[in-house]
Every structure is written in structure tokens, then in C-alpha cells.
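Worksheet for the structure shown next.
Residue numbers (UniProt numbering), protein chains in the order written: chain A, 1 to 237; chain B, 1 to 237.
What follows is the structure, encoded as C-alpha cells:
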């Protein structure tokens, strides 16, 4: 996340095929690890990122011609780094801007959702633009029905700063008042009791908040149909 | 789905390893297909199931020792067949009951969700019980924040019949009145104008309903934060 919108960590390929294009960090699955262990190992080894607040499988990308030469099947992951973390990365690696989702519009009653086909990462190698688009859309959807904001936000934040993160990830305007009301009603947000230092323009100091929970949960899971006592506590498989 | 709860289509292994145990249908990825094409081909070839109302990637299962011998990595899918479809399946294949999720209970405020570790398919081969448990939990979660009920229900149904499907899949009681109210408010349900034939006990004939849409959507996606005109129309990445 940044002033330029959602960003993804990518490295520049120094060799053909697709020399000069941007690629997602990754590598081969080791003989003695599963894909979950592998992704954490590779993030740590290749891009020195250890502060990942949430990781989940995104999907398998297996189109036969997705990479030239020997067939490679990718298991892609979505990993989120909080906005206040700026890990040191190797020289060939950088945070690259992700294109926003296709323009929002009110669909006709019978319209199907617009499939995302345009690469979301400019100059991406292979199908990595498609993978980034899928990750962007997963993040956007899960922000709406889970507490996943915890993985984007610093430990403590003002509502205004949180709103900016949601706007960036959702790609459309969000009212800070609405955001605070919804997250509070769902018991996801609590005041820390402290206030932020005043900004350059002075004014009333803003209250700091934190997420009540830093484990992914469905926050609005059809609550009226849930058994008593379980409201808002559904685990996300 | 059935009187015995959620069911999964599985075949009995005739050879070691794990002879006599129940296995999910599957097979090797072909050279000229991606995993999505492969799963549809294999369902059609091996279990003659073509009436799948919804298919989605469930996840990659890659633990190094999950299958004896040469390492095999599985991409598992969740495929749903409506309750009124009863495809003819081969002799070694049957619908097997899936164990319900762990007992519901109100968690303590700081409790983590209970991870599912017990196999959900009795007598399952390899890690297939774990895969079935993940599928059961995915179905349960998506029923709560999407319109996925369309993939379980017949084209037309009474509210009472739909309630029975939700109760089976969710594993806890659901009020038919609540269900109708919530699905109607989300514009997921509409009356067909027809009524069901009276049951053996007579009584007032029940109205028939259908889902307004048979494409997966997030139905309650943080609606208050969405831009005008997009309420309830979010595509599920």
C-alpha cells in the first residue's frame, strides 16, 4: 500500500525469457516442505520479507503455456504487509504499483460481473499480471466480508488513516464515518485511549484505534442465521 | 446433500495403498489442459457427473508424505451438485456422508477458531478426509456471505425445503422465516408464482421460489461501504 495505490513486491528479470519484465518472487517447492512452508521460506530468502501479517493460498495457475519451456504450475499466495512496514529488499526488487480494478459501474440487473483479464502489474512477466489481478480482487473482496484490514493497518491508527487504506484497496470512495460505524458495530475496532500527535495543520488530536483481533474472520457471516453466541466469530476456511 | 447430511462422491480403492478406503475422484493433469479443464474432464470420465452447478478451486494439498511413493501434489476443487440431481455413478462409487463440523459453541472472547483436523470422511484414503473437511468448511462459510445456495437447491423449491438444505450444510438450526427474510432482503430469492403440490398431511400449498441468480456473488459485501448502485453485486474472485 502506498500513495500510489496498492503495491506488489516484484523483481526485475535479468535473463530471458521475459528479461526486463517484473516477476513475483517464487521458486521451486522443496522435497521436504509443503507449499505453505515454501512460500514463507522463499519470501525470507529471496526478498528478506519477514513481516507478513497474513498469508493465504490464492490459487493454482496451470495454463499449459504460461511459461516457456518445461511446464511449470504455480501455486500463488496472497501475502499482506502492514502499511507501516518497509522491509529492506534486494537491489533488483521493488514495490510496484498495481493497476486499480476495472471502473466501477452499476451493472444492469442481468449483467454478469466483469471478468478481470487485463494484467494488473505493468510490464509483468509470464502470467504474473493475471496473478496480481487475482490477488488484488481477493483482497478487495475479503476486506468487505472479513476483518482483513488488520493486515494492512499499523498496530494503531486514526480512522482517517484507516479510511485511506480501505479507499486504496477497494478502489472507490469510503466515508470515514461509515467505516468507523461498520467496524465498530462488528466489534472489530476499539479505541486505544491515546490520540495521534496533531498534524501540521493543528486541529483537534485524532483518537487512535486498533483492531480487536488479528486473525482472519468472516465478520458479517449471514449473522442472522448463525446460532446464538457465534455472531461475528466465524473462522474463515 | 441428503437425509444423512452433506454427502461427497467417493470411490472405494480396490488396490493398495489404502485398499478398501474411500477416495475422492481425481487423476493426473494432462499435458494440454489446466486444472480447471482437468477437473471437469475427470468428473465426466470417472464418475459420469456432468450436472455440477458450481466448481471452484479449494486449495493445494502438498504435505510431502500425503501419499506413499512418488510425491503427488493435489489441487482440490469444491464441486456442488443440486439436491434433486442423482447422477448414475459407477459400481465402485457412492455418495458417502460427511461428518458434521465440530460442535458449535460460543467461544470465549479471546478464543481462536477451532482448527478442523479430524477427517470429515470416515474411512478416507490418504489425506482425503482433510480435503473433505476443508470443502465442507468452505461450503459452510460461502453459504453465509454469498448466494451459493443456488448450487444446492433445485431450480424451484419451497422455503421449507431450502431451509432443510441450509440446516444440513451449516450444521445448525435455521429458521425458515429468517432465511426467507434475509435472502429476500438481499434480492437473492423470488417467488415463481406457482405452488408446490400439497404433502401427505394436506394443509395450505406452499409457494415455490427460485434464486434470482445462478452465478456466485458476495451478497452482503460490506454493503454500506460500496459505491452506489453496486450493492449486492460484488463478484467473487
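Positions of the beta carbon are idealized from the N, C-alpha and C atoms, including for glycine.
For residue i, three-class secondary structure by DSSP
i: residue 181(B); result: helix
i: residue 59(B); result: strand
i: residue 121(B); result: strand
i: residue 126(B); result: coil
i: residue 212(B); result: coil
i: residue 12(B); result: strand
i: residue 228(B); result: Note that residue 228(B) has pLDDT 43, beneath the 50 cutoff, so the model's placement of it is unreliable and no number is given.
i: residue 194(B); result: strand
i: residue 65(B); result: coil
i: residue 19(A); result: coil
i: residue 89(B); result: coil
i: residue 199(A); result: strand
i: residue 153(A); result: coil
i: residue 168(B); result: helix
i: residue 188(A); result: coil
i: residue 24(B); result: coil
i: residue 163(B); result: helix
8 Å Cβ shell around residue i - same chain, five flanking residues per side excluded
i: residue 52(B); result: 40, 43, 79, 80, 81
i: residue 112(B); result: For residue 112(B), the pLDDT reaches just 43, beneath the cut-off of 50, and the residue's location in the model is therefore unreliable, although a value from the coordinates is still provided. Nothing meets the Cβ criterion.
i: residue 205(A); result: 195, 196, 197, 198
i: residue 245(B); result: Any answer about residue 245(B) is impossible in this case: the structure gives chain B only from 1 up to 237.
i: residue 33(A); result: 41
i: residue 66(B); result: 72, 74, 126, 127
Residue of the options minimising C-alpha distance to residue i
i: residue 219(A); options: 123(A), 161(A), 145(A); result: 145(A)
i: residue 25(B); options: 65(B), 31(B), 200(B), 96(B); result: 96(B)
i: residue 163(B); options: 175(B), 215(B), 64(B); result: 175(B)
i: residue 28(A); options: 57(A), 15(A), 19(A), 72(A); result: 72(A)
i: residue 88(A); options: 66(A), 126(A), 100(A), 49(A); result: 49(A)
i: residue 12(B); options: 185(B), 31(B), 46(B), 181(B); result: 46(B)
i: residue 209(B); options: 101(B), 200(B), 203(B), 183(B); result: 183(B)
i: residue 191(B); options: 179(B), 61(B), 207(B); result: 207(B)
i: residue 130(B); options: 153(B), 157(B), 100(B); result: 100(B)
i: residue 77(B); options: 179(B), 85(B), 35(B), 86(B); result: 35(B)
i: residue 193(B); options: 158(B), 186(B), 173(B), 172(B); result: 158(B)
i: residue 70(B); options: 186(A), 66(A), 31(A), 58(A); result: 31(A)
i: residue 181(B); options: 201(B), 203(B), 200(B), 160(B); result: 160(B)
Same chain, Cβ closer than 7 Å to residue i, five either side skipped, listed in chain order
i: residue 98(A); result: 5, 6, 7, 8, 120, 121, 132, 136
i: residue 108(B); result: Reliability fails at residue 108(B), whose pLDDT of 42 lies under 50, so the model's placement of it is uncertain and no value is given.
i: residue 106(A); result: Since pLDDT at residue 106(A) reaches only 43, below the 50 mark, its modelled position is unreliable, and the value read off the structure follows with that caveat. Around residue 106(A): no qualifying Cβ.
i: residue 155(A); result: 210
i: residue 170(B); result: 140, 143
CB of residue i within 8 Å of CB of residue j, strictly
i: residue 54(B); j: residue 189(B); result: no
i: residue 17(B); j: residue 64(B); result: no
i: residue 23(B); j: residue 128(B); result: yes
i: residue 14(B); j: residue 92(B); result: yes
i: residue 125(B); j: residue 21(B); result: yes
i: residue 10(B); j: residue 94(B); result: yes
i: residue 179(B); j: residue 83(B); result: no
i: residue 60(B); j: residue 60(A); result: yes
Short CB-CB distance (under 8 Å) between residue i and chain E
i: residue 70(A); result: Given the protein chain composition of this structure (A and B), no chain E is represented.
Residues of its chain near residue i, where Cβ-Cβ distance is below 6 Å and the 5 sequence neighbours each way are ignored
i: residue 150(B); result: 211, 214
i: residue 19(B); result: 13
i: residue 62(A); result: 73
i: residue 123(A); result: 21, 22
Residue i Cβ short of 7 Å to the ligand ZN heavy atom set
i: residue 119(A); result: Although the ligand ZN was asked about, the structure shown includes no ligands whatsoever.
Compile a chain-ordered list of the residues in the region 19–36 of chain A whose CB is closer than 9 Å to at least one CB of chain B.
29, 30, 31, 32, 33, 34, 35, 36
Residues of the region 85–97 of chain B with Cβ closer than 9 Å to any Cβ of chain A, in chain order
none
Which of the residues in the region 54–69 of chain B, read from start to end, lie with their CB under 7 Å from any CB of chain A?
57, 59, 60, 62, 63, 64
Listed in chain order, which residues of the region 125–142 of chain A have Cβ atoms closer than 8 Å to some Cβ of chain B?
134, 137, 138, 140, 141
Residues of the region 143–170 of chain B with Cβ closer than 8 Å to any Cβ of chain A, in chain order:
143, 144, 145, 166, 170
Please list, in chain order, the residues of the region 172–200 of chain A that have any C-beta partner in chain B closer than 9 Å.
172, 173, 174, 175, 178, 179, 181, 182
Closer than 8 Å between beta carbons: that is the criterion. Which residues of the region 203–220 of chain B meet it against chain A?
215, 217, 218, 220
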